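No gaps in the numbering here: position 316 of the sequence shown is 316 in full-length UniProt numbering, and each next residue is one more. A short worksheet on the structure shown next.
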Amino acid sequence: MEEAEIMKETATVTDLTEGKIWANSGDSHILEPPDLFSSLPDDVKALLPRSVKDPGGAFETIHIDGQEFRRELPRPAPGAPKKKGLGINARPVDSTEDDFLRRALGGNDAAHRLRDLDDEGIWAEVIYPSLGIWTFNIRTPKVVRYGVRALNEFALDFQRSSPRFVCAASIPLLDVDDAVAEIRRASAQGFAAGFLPTRPPLGRPLWNDEEWDPMWAAFAETGTVVAFHIGTEPHDPTERTGVYYRGRGGAVLNYVETTYGGQRAVTQLIAAGALDRHPELRVLVSEGGATWGPFIADRMNEGYRQHSAAVRPVLSRPPSEYLFDQVYASFQHDGSAVAAHVAMGWRNVLWGSDYPHFEGTFGHTQKTLHELFDGVDPVASERIRIGAFHELFPHVPLPPAAAPAS
1 MEEAEIMKET
11 ATVTDLTEGK
21 IWANSGDSHI
31 LEPPDLFSSL
41 PDDVKALLPR
51 SVKDPGGAFE
61 TIHIDGQEFR
71 RELPRPAPGA
81 PKKKGLGINA
91 RPVDSTEDDF
101 LRRALGGNDA
111 AHRLRDLDDE
121 GIWAEVIYPS
131 LGIWTFNIRT
141 PKVVRYGVRA
151 LNEFALDFQR
161 SSPRFVCAAS
171 IPLLDVDDAV
181 AEIRRASAQG
191 FAAGFLPTRP
201 PLGRPLWNDE
211 EWDPMWAAFA
221 ETGTVVAFHI
231 GTEPHDPTER
241 TGVYYRGRGG
251 AVLNYVETTY
261 GGQRAVTQLI
271 AAGALDRHPE
281 LRVLVSEGGA
291 TWGPFIADRM
301 NEGYRQHSAA
311 VRPVLSRPPS
321 EYLFDQVYAS
331 FQHDGSAVAA
341 HVAMGWRNVL
351 WGSDYPHFEG
361 TFGHTQKTLH
371 ELFDGVDPVA
381 SERIRIGAFH
391 ELFPHVPLPP
401 AAAPAS
């Protein structure tokens, strides 16, 4: 299929019914420029993330702080037919993920992105880094401080392009004092969210450890949302990134495995009392679905009740109440996620586009939104598409014709 035909097909998606459905996105991404670290000192620049692709294009190696992470790149199956249809499947089958991302973002030009969002019916976005995810594998505090500062300066400039952009600041995690300082600096500059991996860097304690208490306090005191994104766990460089399973079912198993990290992080924060000590603290888990929330809430309550003699710390309320009150979750295609709100009572469910990633809705957002929300109670639909996002980020203007959040 030629490029013009692809654009013609995807352009018609927004005209499915009488009107366009607008939604905020609790999960989107930005692509940092390849020269992001070029102005930094040479000894630091050499240790910051850079990608080198194999000549055949099947793999790339990420070089970070003297470590090498090798991962497989998307590539077409030999002899596979060209796909037709909407969204991701509309791209030529012989194009790579990098080709698609570059086209989708137009070099990450803000004006181009806003045109895409308007076409898709996406209003405001929480925007996570891409290259910035790798900084959690850096082992040298000086290097991570420089890297995070460069990432956040770029993200802040991009965020200033539109009040619809909510970029998540990267946070250095090798020293909790550095984390606290960057949270406070980022908040003062205008960041409303701070990006954390679902598991701390290798060698650092898990999120339930008291070492992180000053960081949770800084998030709470500045009103900065704790923004976890699934699939961001730092990896041992001796292992292939994101590969937990091999053999039969590996592709599905590895994809599903990425969702568990967000659940573990939330459970650690609640059980350790971080949300109890800071009732104003808000936590977002992006791209991990939503029906896990009520299940985890029930499971924590059961453990808290049945093993009460061993529970430390003692919480002021049942664990489930912290999840239902202070934790938010975004999803993209999951039909069950709407039921987490409608049938299970978790009001903190957000939709997300995952723009511009392969798993996302770019090119078929209106089709997806209609499939998810046609026939859903209007108040519940408004809450998932608009209201929960606006509750986290009230400074963001409402989308066209949107009623005030319920």
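Idealized CB from N, CA, C, for every residue including glycine. Every value quoted in this text rests on a predicted model; they were computed, and no experiment measured them.
Other residues of its chain near residue i: CB distance less than 6 Å, five sequence neighbours each side excluded
i	result
ALA169	ASN152, ALA186, PHE191 and GLY194
GLY231	THR258
LEU284	VAL225, ALA227 and TYR328
ARG312	none
Cβ separation of residue i and residue j, assumed to be a contact under 8 Å, to the nearest whole Å
i	j	result
ALA370	ILE21	Note that residue 370 corresponds to His in the displayed sequence, not to Ala. About 6 Å; that satisfies the 8 Å criterion.
residue 432	ILE171	Since the displayed the chain opens at 1 and closes at 406, residue 432 lies outside it and no answer follows.
VAL396	ALA46	The Cβ separation is near 39 Å, so there is no contact.
VAL51	ILE62	One detail in the question is off: residue 51 reads as Ser in this sequence, not Val. Indeed they touch by this definition, with Cβ atoms about 6 Å apart.
ASP298	SER320	7 Å
LEU323	GLY293	6 Å
PRO234	LEU202	5 Å
Inter-residue spacing [alpha-carbon to alpha-carbon] between residue i and residue j
i	j	result
GLY247	ALA58	19 Å
GLY250	ALA343	32 Å
ILE270	ASP276	7 Å
LEU31	ILE138	19 Å
ALA23	GLY375	16 Å
GLU280	ASP325	10 Å
residue 407	TYR260	The structure shown does not extend to residue 407, since the chain is modelled only from 1 through 406, so no value can be given for it.
TRP134	GLN263	21 Å
PHE158	ARG282	24 Å
GLY85	HIS364	In this prediction, GLY85 scores a pLDDT of 34, lower than 50, which makes its location untrustworthy; the coordinate-derived value is nonetheless stated afterwards. Between GLY85 and HIS364, the C-alpha separation is close to 10 Å.
PHE393	PRO55	44 Å
TYR128	SER381	24 Å
THR198	ASN208	12 Å
ASN108	THR368	24 Å
residue 462	ASP213	A query on residue 462 cannot be resolved here, the shown segment of the chain reaching from 1 to 406 and no further.
ALA310	GLY345	29 Å
PHE69	ALA339	39 Å
ALA265	VAL379	30 Å
TYR245	ASP27	26 Å
PHE362	ASP118	12 Å
residue 407	ASP116	Residue 407 cannot be examined here, being either before or after the span of the chain that is shown, 1 to 406.
Beta-carbon contacts of residue i that lie in its chain and below 7 Å, excluding the five residues immediately before and after
i	result
SER161	ALA110
HIS278	TRP216, ALA217 and ALA220
ALA337	GLY289, ALA290, THR291, PHE331 and VAL349
GLY360	GLN332, SER353 and ASP354
THR267	ILE296 and MET300
SER130	HIS29, ILE30, LEU31 and GLU32
ALA211	Checking the sequence, you will find Glu at residue 211 rather than Ala. Result list for GLU211: VAL176 and PRO205, in chain order.
THR178	One detail in the question is off: residue 178 reads as Asp in this sequence, not Thr. These residues qualify, in order along the chain: PRO141, ARG145 and PRO172.
ARG149	none
ILE384	VAL338, HIS341, VAL349, LEU350 and TRP351
Bridge partner(s) assigned by DSSP for residue i
i	result
PHE195	SER170 and ALA227
PHE165	GLU125
HIS278	Answer by DSSP bridge pairing: none, since HIS278 is not bridged.
PHE69	ILE62
LYS20	Answer by DSSP bridge pairing: none, since LYS20 is not bridged.
SER25	GLU125
LYS53	GLU60
TYR355	SER28
Sequence-distant residues of the same chain with beta carbon closer than 8 Å to residue i, five excluded per side
i	result
ASP377	VAL342
VAL44	PHE37, LYS142, VAL143, TYR146 and GLY147
Write down every uninterrupted run of the beta strand (DSSP E) in the region 107-163 whose length is 3 residues or greater and which is fully enclosed by it, in chain order. Here the runs fully enclosed are 122-128.
Run through the region 319-352 for me and flag every whole beta strand (DSSP E) of 3 or more residues, listed as ranges in chain order. For the region 319-352, whole beta strand (DSSP E) runs of length 3 or above, ordered along the chain, are 327-331 and 349-351.
Runs of alpha helix (DSSP H) wholly within the region 282-311 (minimum 4 residues, chain order): The region 282-311 contains these whole alpha helix (DSSP H) runs: 292-306.
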